[in-house]
Structure formats: structure tokens, C-alpha cells
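S.K.: Following this note's numbering, the numbering of the sequence shown begins with -17 at its first residue and continues without gaps. Below are the C-alpha cells for one structure; questions will follow.
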Amino acid sequence: MATPENTLAFDGGWEYAPAPESTDHVEIDKRYGLFIGGDFVKPEKGRYFDTINPATEERLARIAEADAADVDRAVKAARKAFGPWSRMKAAERGKYVYRIARIIQERAREFAAIESLDGGKPIRESRDVDVPLAAAHFFYYAGWSDKLEYAFPGRKVKPLGVAGQVIPWNFPLLMAAWKLAPALACGNTVVLKPAETTPLTALKLAEVIADAGLPDGVVNIVTGAGETGAAVVEHPRVDKIAFTGSTAVGRVIQKALAGTRKKYTLELGGKAANVIFADAAIDQAVEGIVNGIFFNQGHVCCAGSRLFVQEAVADEVVEKLKDRMETLIVGDPLDKNTDIGAINSAAQLEKIESYLEIGRSEGGEMFQSSCTVPDTGYWCRPTIFTGVSQSNRVVQEEIFGPVLAIQTFRSYSEAIAKANNTPYGLSGGVWTDKGAKIFKMTQNVRAGVVWANTFNKFDPTSPFGGYKESGVGREGGLHGLDAYLSLEA
Ligand code: NAP
Ligand code: MG
-17 MATPENTLAF DGGWEYAPAP ESTDHVEIDK RYGLFIGGDF VKPEKGRYFD
33 TINPATEERL ARIAEADAAD VDRAVKAARK AFGPWSRMKA AERGKYVYRI
83 ARIIQERARE FAAIESLDGG KPIRESRDVD VPLAAAHFFY YAGWSDKLEY
133 AFPGRKVKPL GVAGQVIPWN FPLLMAAWKL APALACGNTV VLKPAETTPL
183 TALKLAEVIA DAGLPDGVVN IVTGAGETGA AVVEHPRVDK IAFTGSTAVG
233 RVIQKALAGT RKKYTLELGG KAANVIFADA AIDQAVEGIV NGIFFNQGHV
283 CCAGSRLFVQ EAVADEVVEK LKDRMETLIV GDPLDKNTDI GAINSAAQLE
333 KIESYLEIGR SEGGEMFQSS CTVPDTGYWC RPTIFTGVSQ SNRVVQEEIF
383 GPVLAIQTFR SYSEAIAKAN NTPYGLSGGV WTDKGAKIFK MTQNVRAGVV
433 WANTFNKFDP TSPFGGYKES GVGREGGLHG LDAYLSLEA
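Spelled out as C-alpha cells, the structure:
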């Protein structure tokens, strides 16, 4: 029998229910300041906001709200730290980044529990995906620190200066790692702004950074809402902006950056096509569909939210998918059996529910699993729409919840045309037993990553990013270094 410890997300079928993750080892302060210049400091205006547990609606902590003056303090601290940090021997700099990776590993259980408490994701995902991948990013980029000339042979590599980084709430620690690790390895200093609803693991990471002995001001963490992010983006002494979030906010940021000399990367929304050919291993494909759309409650930029099934197997796939959806456990994020945790916020739940209404009013047929959900907290049962068409809003727009739009196709070329009929281009998936089809799909689907016979697999060595309205630039791998360096001939 599988044990929770060695079972990956969505394997399901356990015969006993282990107790929820204990949170005895978790220390959350009542109140958090801003992490500026190596210390936790009070926000100038003295304003704080709550971060809550979306599964219980209970307050976890009070969090400092940074305004433009606080952001200015953080940028000044980062500027001051930049000279010594960028001139430090690269191998020495790498040691600090390695140390961050190791401390995350040592404190993995605590990070996982806090991530699930603050954001609502199942503990199995925090523990098996978010936290190990965050550590892996620091390990990977630590290794590049003293090898940058080999990454870009014949070029003179120089850090950019102060990087302003703004991240979303769906993978709070992992997004912080994606941003911080390459920036630091390349010799930049940082001002990072976590999302309003999920600041806790970034603040824990600030503790780790202090414990790792990084020089003061190399990493600064300013919490707050959208205005705080805007203050980071607009600060004249920031040299680079790295943003991950919605396409709507990405547009605002790109406008704000137009005409400045700031370098930028934008990782934005998506509406990925997951394409199932009739020759695919159907049971595996059904698992892939489930992982593609229900992983992290569907709060995933690269979620497989548009399913295209070849007509000959469409009925079989949809029936098997419905059966599988009935086995998914929705509920307490800290329970190791949970497949689908809490929706991240009341606002996000409202948005998802509005799309359920839109889908029905557009004539789509909605199916939801019949599971019960807790009375308090924010929950959405796994949902699919059939009978929808390309022009429907639930097919075109990013819902960012556990909601899948299903269509069929007959020919290979129809699948490609439908997959590409979207303003987004972040990711895609293909399920078939023919290698030739896989190669044709990966060449013709305009998306930054296309998974074959799998979905939602991440690795620090591989570049990630979008085409079209899914963004500008790449993070991860060698490409991720390029984004934090100026390369001169
Ligand atoms: P969001 O509303 O765009 O927010 C992202 C971050 O930007 C948050 O920290 C937010 O602060 C901040 N922000 C809001 N308005 C701002 C402004 N005018 N200037 C600067 N910063 C501002 O996105 P979200 O709802 O947090 O995240 C979900 C979105 O992220 C989805 O569209 C998803 O596809 C995308 N995403 C993309 C990737 C990728 O790699 N392509 C990865 C993950 C997520 P507050 O939240 O505190 O208001
Ligand atoms: Mg929260």
C-alpha cells in the first residue's frame, strides 16, 4: 500500500487517513515588519493588514503595509549593498546562495505547513513540490555564481544592479525562489514584493536569509498590496523588474516601464491546451488531465484549463474523468489525503463562481463532483464544462480555479488550430503514443513549454515563459541568468 510519504500528488486510493499535519513545529509571529537592510523594521505609516488562512478564515498574522517611502528605504538599502555584493568573489557569493538552499531543506516541514496555512494548498503539494523545488532553484543557481563567463562565452558579464521583483499568491515560496536565486547568483541585490494574501513564506525566507548571513540589504522584502508593487516598479533607482502575475497587471507594468532603461521580464497568465489523441494511454491521460487542472486548485498559470479530446475517445475520457473527479478529496489543506485545498481568497472564489455562472449562461453543461465541502473557508468543487465552443468566455479567459473547459477535435490540424486560438501562449500538453505527433505538436503549438504524456512538471534547469499575452522573457535555466545580467561583447 502506498504511504503518504512516498506518494505523489493525485495518486489517491489510500486505505487509511493519517492525521492532519501537526503545526507544532510552526512558528508564526503575531506581527511582521518589513525586511529592510537586514532587519525587520516598522512601516513608516504604521499600517498593517491581516493575512488569513483561507481554509478557516482565521487571521494568521498582521503584516506591515509598505508605502512608497518604505519602498524607497528598501531600494536605498539594496543600492548600498550592491557595490560590495557585486564585487564579492563569485564563489563566495555562491556559498551564500547554497546556504539559503540548505536552510530551506532543513526547515522544509515548517515551510510546507506555513505555505498551506497561508495560501490553502494541500500539504502534499507544499511538501513534495513547492518546498523541494524552491530549494532546488537556490542550489541550481548557486552553482552558476562562479561560472557565468562559461554560461556566456566571449561576453563580459555584469550584474544589472537592484532588481525589483513582484510575485503572485499561487506559489509564494517557489516564485520567491525563482526570482531571488538567479538575481543573487548574478550579483544583483533585490527588493521583493510578495502577494498580499500569501506573505508568510517570503517573511520566513527573510529569516533564512538572515540566518544564512547574507550581507545586510542584499535582499529586502516589502509586503503590501498592489500599490506597494507599483511603487517598486516605478522607483527610478531600480534597474530591473521581474514580475509574475496577471496579464492585466502585466500590461500596466509594461506601460509604466516604457521609455525607461529598466530591463524587465513579465511572466503572465495562461490558458493551456491539453490535447488527448485517440491513441493515448487513456487512464494515464485522465490522470494527466486531473493533474493539469486540479493541481493547486487550478491556481496555476500553466494549468491545462482547455481540454481537447479526439472525438473517437471523447465519451470514454469524459466518463473516466467524471469518475476520477468523484474520488478527489476537497478539504483541509493540512490533511495529507487532501487533493484539492482551499481557494486562495474570497475574491478569487467570487471570480471563479462568476465564471461558473458565465459558462452556464453561455450554454455549457457543467459537472461538479458531488463531494461536500467545509462550511467555513473558501472552496470550489472540481468542475468541468462540456458543450462549449471556442468563442465562449470560459474557453478564452483565464479562470485560475479548478474549472476545465472540454472540447473535441477530429484531425491533428484541427487540434493545432484550436490549441493556438487563444491570446495566451504559456504552456500546453499532448497525449499520444506516437513520437512523430509529439514532435509536430511541440513545434506547432505556440507555447513556452509543451509537456508530452505528462503535465505540470518543473525543473530549475529548464526555461519557462510565455508567448503572446503570456509574457516577455524567460526564467529558469541559462535563460534565467540572461535576465539578470548585462552581456557585453
Ligand atoms: P496579480 O493580481 O497580477 O498580482 C501579482 C502581483 O502584482 C501581486 O503581488 C500584486 O499585489 C501585485 N500588483 C497588483 N497590482 C500591481 C500594480 N499596479 N503594479 C505592480 N504590482 C501590482 O496576479 P495574482 O492574482 O496575484 O496571480 C495570478 C496571476 O499570476 C494569474 O494570471 C497567473 O496566470 C499569473 N501567474 C503567472 C506565472 C508565470 O510564470 N507566467 C506564474 C504564476 C502566476 P497584491 O496581490 O498584493 O495586490
Ligand atoms: Mg493568507
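Idealized CB from N, CA, C, for every residue including glycine.
(1) Just tell me which of 379, 417 and 364 has its CA closest to the CA of residue 371.
(2) Assign residue 141 to buried or exposed, taking buried as 16 or more other Cβ atoms, counted over all protein chains shown, within 10 Å of its Cβ.
(3) Skipping 5 residues on each side, what residues in its chain have a beta carbon closer than 6 Å to that of residue 347?
(4) Using DSSP's beta-bridge definition, name the partner residues of residue 248.
(5) Can you tell me whether residue 100 sits near the ligand MG, meaning its C-beta is under 6 Å from at least one heavy atom of the ligand?
(6) Comparing the CB of residue 34 with every heavy atom of the ligand MG, is any distance shorter than 6 Å?
(7) Within 10 angstroms of the Cβ of residue 136, are there 16 or more other Cβ atoms? Answer buried if so, exposed if not.
(8) Do the region 267 to 285 and the region 239 to 248 make contact, defined as three or more Cβ pairs closer than 8 Å?
(9) Just to confirm before moving on: does the CB-CB distance between residue 19 and residue 195 stay below 7 Å?
(10) I need the boundaries of the alpha helix (DSSP H) containing residue 307, first residue and last residue.
(11) Is the beta carbon of residue 155 less than 7 Å from the beta carbon of residue 179?
(12) Here's a check: name, in chain order, each residue in its chain whose Cβ is nearer than 6 Å to the Cβ of residue 293, leaving out the five neighbours to either side.
(13) With which residues is residue 22 paired in a DSSP beta bridge?
(14) For residue 179, verify whether its CB is less than 6 Å away from any heavy atom of the ligand MG.
(15) At what residues does the alpha helix (DSSP H) containing residue 61 begin and finish?
(16) Note the first and the last residue of the continuous beta strand (DSSP E) segment covering residue 398.
(17) CB-CB under 7 Å to residue 2, same chain, minus the five flanking residues each way: which ones, in chain order?
(18) Cβ-heavy atom distance between residue 207 and the ligand NAP below 6 Å?
(19) With DSSP as the reference, label residue 104 as helix, strand or coil.
(20) Are residue 453 and residue 308 close, meaning C-beta to C-beta below 7 Å?
(21) Under a three-way DSSP split, which group does residue 426 fall into?
(22) Which residue's Cα is closest to the Cα of residue 320: 402, 461 and 312?
(23) Evaluate residue 466 with the Cβ neighbour count: other Cβ atoms within 10 Å of its Cβ, from every protein chain shown; 16 or more gives buried, anything less gives exposed.
(24) Straight-line CA distance for residue 107 to residue 7?
(25) Among 192, 187 and 176, which has the Cα closest to the Cα of residue 209?
(26) Given residue 66, which residues of its chain have a CB within under 7 Å of its CB, disregarding the five upstream and five downstream residues?
(27) If you run the structure through DSSP and keep just helix, strand and coil, what is residue 276?
(28) Which same chain residues, not among the five before or five after residue 73, have their C-beta less than 8 Å away from its C-beta?
(29) According to DSSP, simplified to helix, strand and coil, what is residue 141?
(30) Hey, would you say the C-beta of residue 438 is under 6 Å away from at least one heavy atom of the ligand NAP?
(31) When you measure from the CB of residue 228 to every non-hydrogen atom of the ligand NAP, does any distance come out below 6 Å?
(32) When we look at the beta-carbon of residue 263 and count the other beta-carbons within 10 Å, is it buried (16 or more) or exposed?
(33) Nearest-angstrom Cα distance between residue 335 and residue 381?
(34) Contact between the region 276 to 290 and the region 404 to 423: three or more CB pairs below 8 Å?
(35) Once you ignore the five residues that flank residue -13 on each side, which residues in its own chain have a CB closer than 7 Å to its CB?
(36) Measuring straight from C-alpha to C-alpha, what distance separates residue 57 and residue 433?
M.R.: Reading from the atomic positions:
(1) Translated into the one-based positions of the sequence shown, residue 371 becomes position 389. That would be 379, whose Cα lies nearest to the Cα of residue 371.
(2) Along the sequence shown, read from residue 1 onward, the residue named residue 141 stands at position 159. So residue 141 ends up on the buried side.
(3) Along the sequence shown, one-based indexing puts residue 347 at 365. Cβ within range, chain order: 368 and 369.
(4) Mapped onto the sequence shown, residue 248 falls at position 266. Answer is 225 and 454, bridged to residue 248.
(5) Along the sequence shown, read from residue 1 onward, the residue named residue 100 stands at position 118. Residue 100 has its Cβ nearer than 6 Å to a heavy atom of the ligand MG.
(6) If you number the sequence shown from 1, residue 34 lands on position 52. Correct: residue 34 has its Cβ closer than 6 Å to the ligand MG.
(7) Looking up residue 136 in the sequence shown gives position 154. Exposed is the call here.
(8) Cβ pair count under 8 Å is below three, so no.
(9) Reading the sequence shown from its first residue, position 37 is the one you call residue 19. Reading the sequence shown from its first residue, position 213 is the one you call residue 195. One thing to note: residue 19 has its Cβ no nearer than 7 Å to the Cβ of residue 195.
(10) Locating residue 307 in the sequence shown gives position 325, counting from the first residue. Judged by DSSP secondary structure, residue 307 falls within the alpha helix (DSSP H) whose first and last residues are 293 to 309.
(11) Counting from 1 along the sequence shown, the entry for residue 155 is found at position 173. Counting from 1 along the sequence shown, the entry for residue 179 is found at position 197. With respect to residue 179, residue 155 sits apart: the two C-beta atoms are not nearer than 7 Å.
(12) If you number the sequence shown from 1, residue 293 lands on position 311. Around residue 293: 390 and 392.
(13) Sequence index remark: in the sequence shown, residue 22 carries index 40 (1-based). Beta-bridge annotation (DSSP): residue 22 is paired with 17.
(14) Along the sequence shown, read from residue 1 onward, the residue named residue 179 stands at position 197. The answer is yes for residue 179.
(15) Residue numbering aside, residue 61 sits at position 79 when the sequence shown is read from its first letter. That run of the alpha helix (DSSP H) goes 50 to 69.
(16) The residue labelled residue 398 in the question sits at position 416 within the sequence shown. Segment 394 to 402 is the alpha helix (DSSP H) holding residue 398; no beta strand (DSSP E) there.
(17) Taking the first residue of the sequence shown as 1, we reach residue 2 at position 20. These residues qualify, in order along the chain: 314, 316 and 317.
(18) Start at 1 with the first residue of the sequence shown, and residue 207 comes out as number 225. It does: the Cβ of residue 207 is within 6 Å (strictly closer) of some heavy atom of the ligand NAP.
(19) Locating residue 104 in the sequence shown gives position 122, counting from the first residue. DSSP places residue 104 in the coil class of the three-state scheme, outside both helix and strand.
(20) Within the sequence shown, the letter at position 471 stands for residue 453. Within the sequence shown, the letter at position 326 stands for residue 308. With contacts defined as CB atoms closer than 7 Å, residue 453 and residue 308 fail to qualify as a contacting pair.
(21) Your numbering for residue 426 matches position 444 in the sequence shown. Of the three classes helix, strand and coil, the one that applies to residue 426 here is helix, per DSSP.
(22) Residue 320 sits at position 338 when you count from the first residue of the sequence shown. The shortest C-alpha separation from residue 320 is found at 312.
(23) Within the sequence shown, the letter at position 484 stands for residue 466. With 16 or more other Cβ atoms within 10 Å, it is buried.
(24) Numbered from its first residue, the sequence shown carries residue 107 at position 125. Numbered from its first residue, the sequence shown carries residue 7 at position 25. Their Cα atoms are separated by approximately 18 Å.
(25) Taking the sequence shown and counting its residues from 1, one reaches residue 209 at position 227. Nearest of 192, 187 and 176 to residue 209, Cα basis: 176.
(26) Counting from 1 along the sequence shown, the entry for residue 66 is found at position 84. Take residue 66, set aside five residues on each side of it, and the residues of its chain with a beta-carbon closer than 7 Å to its own are 197, in chain order.
(27) To locate residue 276, count along the sequence shown from 1; it is residue 294. For residue 276, the three-state secondary structure derived from DSSP is helix.
(28) Stepping through the sequence shown from its first residue, residue 73 is reached at position 91. Result list for residue 73: 127 and 128, in chain order.
(29) Mapped onto the sequence shown, residue 141 falls at position 159. Residue state, collapsed to three classes: strand.
(30) As a first step, residue 438 is located in the sequence shown; it is residue number 456 there, counting from the start. Residue 438: no, Cβ never under 6 Å from the ligand NAP.
(31) Counted from its first residue, the sequence shown places residue 228 at position 246. Under cutoff, so the answer is yes.
(32) Numbered from its first residue, the sequence shown carries residue 263 at position 281. By the C-beta density criterion, residue 263 is exposed, having fewer than 16 other C-beta atoms within 10 angstroms.
(33) Taking the first residue of the sequence shown as 1, we reach residue 335 at position 353. Taking the first residue of the sequence shown as 1, we reach residue 381 at position 399. Cα atoms of residue 335 and residue 381: separation of roughly 9 Å, rounded to the nearest angstrom.
(34) Touching, per the Cβ criterion.
(35) Reading the sequence shown from its first residue, position 5 is the one you call residue -13. Residue confidence is low: residue -13 scores 37 on pLDDT, short of 50, so the model does not pin down where it sits. No coordinate-derived value is stated.
(36) Here the question's residue 57 lines up with position 75 in the sequence shown. Here the question's residue 433 lines up with position 451 in the sequence shown. Using only the alpha carbons, I get a separation of about 39 Å.
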